[in-house]
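Input: a single structure, listed below in structure tokens.
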Amino acid sequence: MTDHTVKAFTEELDALTHEVARMGGLAETAVTESIQAISRRDTTLAQSVIERDAKIDAAQHDVEKRAIRLFALRQPFASDLRVVLTGWRIASELERVGDLAKNIAKRALILNQSEPIQLTKSVERMGRIAATQLKQVLDAYSNRDVRAAVGVWFHDEDVDAHYNSLFRELLTYMMEDPRTIGACAHLLFVAKNIERIGDHSTNIAEYIHYLVTGEEIATERPRADAETTDT
Amino acid sequence: MNEFAGAGADRGPQDASVVVPIVKASAGSLTDAQTKVMARDVNVHYGEKQALFNVSIDIPDRAVTAFIGPSGCGKTTFLRCINRMNDTIDNCRVQGTLEVEGKNIYASDVDPVVVRMRVGMVFQKPNPFPKSIYENVAYGPRIHGLVKAKGELDEIVEKSLRRAALWDEVKDRLHAPGTGLSGGQQQRLVIARTVAVSPHVILMDEPCSALDPIATAKVEELIDELRENFCIIIVTHSMAQAARVSQKTAFFHLGTLVETGPTEEIFTKPRDSRTQDYITGRFG
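Those sequence lines, one after another, are chains A and B. Numbers given in my numbering equal positions in the first sequence, counted from 1, plus 913. Numbers given in my numbering equal positions in the second sequence, counted from 1, plus 2.
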């Protein structure tokens, strides 16, 4: 697409999308490392993830300020309007992803104080799928690739399916050995957080679709998580 | 009865109280709106040079339609076809079909003067007559024979000035000269003058370009009120104004009508890349 006649407008839009992409990178790293902190029982890594969440929050505030400025001073229309609007919304999703990663890291600190459990392997697998999805959707955003985004949108069921089976495994584990109830409960929360990260990736995919086409994704998002209560 | 017919047709003095009634109805959706102005394959030439190419559009009643596009795109030329102002230009040739309320305004038995009463026009620079405020508004109804008695004329003048949101500001000085008003007031006086003859359609060619932001806001509010009863077409260079005041937007470029649609769609997801480039400021 050609530049705006007033170049500063293009520069400001680019700065906004770059900041969202940078934030995406921070969120991706946080998710990957929080899962690693669980699987490797790495307390130092967990603490690092917790501290770095402040950077993700700061980036979200920056995107918000840029968006408000663009709306007020440039009155963007059409594609520009969608760039600013989706940039703002995606930044909000990424801020939540950062919080979820921070919470996973906090649980890692607690889990590391008790005996290791076998089921962390399953959680790790689920975490890697969610991290991959997040990476794919952020790549789709950088490339304005609707097909890739819709691909992520359809495969949210994978993370949900993992969550369901993990839930059942953990229940079985707890019933077999009540001494593991504490650790398993924390793992349940971790699994729920990972499932939520998957949901945010799906939301980002929807915004990418709107960004590129100007239309909302028409059908209902596929839902496979049987346990949908908030925890 | 062909109300656009010339002096020869049966056209007795009409009841002055038959002004378009102020019905506080909602504007309704565009899809069930009646078409007030219909154009099919309108081509316009200035001598050898073609200015408009096959323009076809339906313009809804009780709504504001905005014509946007870069300078020289033909939007003002097209606007001027709707009230036959292009007749006043010697080498201008208009071809195609143009109907207002289902009647062909270029038919041979149509009097262009009557067309210009029924299709009023407001220009960029306010142009009140060098007469009193009262006379500015009364002139049209009087010469078109719309009233019988002075009492009726007083009524039309007051109604029109109220409709133009100007009555309260001028009611105590109706005999002061119209040219003594501020720019924004003059434009509203011109609008009052236009509505005084019960037009079907009001054309506006950049009505706010010469006005300050406050006067502009007042005229835009007035347009919002008027659209409940009139078909309004506005040519504007301001994208933001088109977005604010109109329900339907038509984008012209190099003499062709590139895209029309509900204003909300044109400004959030236009279909044509030329429309997108123009409204986002990527032209040139």
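Glycine included, each C-beta is placed from N, C-alpha and C at the ideal position.
Applying a beta-carbon distance threshold of less than 7 Å, which residues of chain A neighbour residue i?
i	result
residue 249/B	Going along chain A, no residue has its Cβ under 7 Å from residue 249/B, so there is no contact; the nearest lies around 16 Å.
Cβ closer than 9 Å: which chain B residues qualify as neighbours of residue i?
i	result
residue 917/A	282, 283 and 284
residue 1067/A	Going along chain B, no residue has its Cβ under 9 Å from residue 1067/A, so there is no contact; the nearest lies around 23 Å.
residue 984/A	The contacting residues do not exist; residue 984/A stays about 12 Å from chain B at best.
Let me see if you follow: with CB-CB separation under 8 Å, is residue i close to chain C or not?
i	result
residue 993/A	Among the protein chains of the structure shown, namely A and B, there is no chain C.
Could you tell me which residues DSSP pairs with residue i in its beta bridges?
i	result
residue 47/B	52/B and 95/B
residue 42/B	99/B
residue 259/B	254/B
residue 237/B	69/B and 207/B
residue 264/B	250/B
residue 915/A	Beta-bridge pairing links residue 915/A to no other residue.
residue 1085/A	According to DSSP, residue 1085/A bridges with nothing at all.
residue 1126/A	Answer is none; residue 1126/A lacks a bridge partner.
residue 37/B	62/B
Name, please, each residue of chain A whose Cβ falls closer than 9 Å to the Cβ of residue i.
i	result
residue 254/B	Under the 9 Å cutoff, chain A gives no residues; its nearest Cβ is about 17 Å from residue 254/B.
residue 279/B	914 and 915
Residues of chain B with CB under 7 Å from residue i, in chain order?
i	result
residue 988/A	242
residue 1102/A	What residue 1102/A touches in chain B: nothing, since even the nearest Cβ is about 40 Å away.
Kindly list, in the order they appear in chain B, the residues whose Cβ is closer than 8 Å to that of residue i.
i	result
residue 1127/A	270 and 271
residue 922/A	283
Taking the alpha carbon of residue i as the point to measure from, which residue in the options has its own alpha carbon closest?
i	options	result
residue 1018/A	1004/A, 1005/A, 1003/A and 1037/A	1037/A
residue 1/B	161/B, 229/B, 206/B and 283/B	Coverage of chain B is limited to positions 3 through 286, which leaves residue 1/B absent and any answer about it impossible.
residue 191/B	88/B, 201/B, 98/B and 171/B	171/B
residue 164/B	58/B, 179/B, 136/B and 185/B	136/B
residue 253/B	42/B, 78/B, 63/B and 35/B	78/B
residue 1086/A	1073/A, 933/A and 1101/A	1101/A
residue 185/B	159/B, 219/B, 202/B and 231/B	219/B
residue 67/B	166/B, 235/B and 285/B	235/B
residue 69/B	42/B, 243/B and 274/B	243/B
residue 64/B	230/B, 208/B and 168/B	230/B
residue 80/B	55/B, 277/B and 92/B	55/B
residue 278/B	1111/A, 989/A and 948/A	989/A
residue 967/A	943/A, 1077/A and 1047/A	943/A
residue 143/B	173/B, 201/B and 93/B	201/B
residue 188/B	36/B, 167/B and 109/B	167/B
residue 1113/A	1097/A, 923/A, 932/A and 1049/A	1049/A
residue 74/B	57/B, 281/B, 180/B and 256/B	256/B
residue 970/A	994/A, 1004/A and 987/A	1004/A
residue 110/B	217/B, 6/B and 221/B	6/B
residue 1071/A	1041/A, 1089/A and 1052/A	1041/A
residue 1057/A	948/A, 945/A and 1127/A	1127/A
residue 175/B	204/B, 145/B, 138/B and 199/B	138/B
residue 45/B	88/B, 36/B, 62/B and 35/B	88/B
residue 47/B	118/B, 57/B and 39/B	57/B
residue 52/B	274/B, 72/B, 107/B and 258/B	258/B
residue 1013/A	940/A, 950/A, 1051/A and 1055/A	940/A
Count Cβ pairs between the segment 1008 to 1024 of chain A and the segment 941 to 958 of chain A that sit closer than 8 Å; are there 3 or more? yes
Please confirm if the segment 242 to 249 of chain B is in contact with the segment 221 to 231 of chain B, defined as three or more CB-CB distances below 8 Å between the two stretches. Yes: at least three Cβ pairs fall under 8 Å.
Are at least three pairs of beta-carbons, each pair with one atom in the segment 109 to 122 of chain B and one in the segment 181 to 200 of chain B, less than 8 Å apart? yes
Is it the case that the segment 1105 to 1118 of chain A contacts the segment 979 to 990 of chain A, given that we only count it when at least three CB pairs across the two stretches are under 8 Å? The segment 979 to 990 of chain A vs the segment 1105 to 1118 of chain A: no contact.
Would you list, in sequence order, the uninterrupted beta strand (DSSP E) runs of no fewer than 3 residues that lie entirely inside the segment 164 to 217 of chain B? Counting only runs of 3 or more, we get 203 to 207.
Go through the segment 54 to 138 of chain B residue by residue and report every complete run of the beta strand (DSSP E) that reaches 3 residues or more, in order. Here the runs fully enclosed are 65 to 70, 94 to 102 and 121 to 124.
Using 8 Å as the Cβ pair cut-off and three pairs as the minimum, do the segment 998 to 1016 of chain A and the segment 1027 to 1036 of chain A touch? no
If you pair each beta-carbon of the segment 1112 to 1121 of chain A with each one of the segment 1054 to 1071 of chain A, do three or more pairs fall below 8 Å? yes
How about the segment 261 to 272 of chain B and the segment 88 to 103 of chain B: do they share at least three Cβ pairs that are nearer than 8 Å? The segment 261 to 272 of chain B, when compared against the segment 88 to 103 of chain B, does not touch it at the 8 Å Cβ threshold.
Touching or not, the segment 147 to 158 of chain B and the segment 203 to 212 of chain B, by the rule of three or more beta carbon pairs under 8 Å? no
Would the segment 962 to 977 of chain A count as touching the segment 1079 to 1091 of chain A if we require 3 or more Cβ pairs under 8 Å? no
Start-end ranges of the alpha helix (DSSP H) lying completely within the segment 992 to 1059 of chain A, minimum 4 residues: 1033 to 1056
Touch check for the segment 260 to 267 of chain B and the segment 233 to 243 of chain B: three-plus C-beta pairs under 8 Å? no
The segment 1088 to 1096 of chain A contacting the segment 960 to 968 of chain A, beta-carbon criterion three pairs below 8 Å: no
At which residue ranges does the segment 917 to 973 of chain A contain complete alpha helix (DSSP H) runs of 4 or more residues, listed in the order of the chain? Unbroken alpha helix (DSSP H) runs of no fewer than 4 residues, entirely contained in the segment 917 to 973 of chain A, are found at 920 to 952, following chain order.
Mind listing, in chain order, the continuous alpha helix (DSSP H) runs of no fewer than 4 residues lying wholly within the segment 1064 to 1123 of chain A? 1069 to 1089
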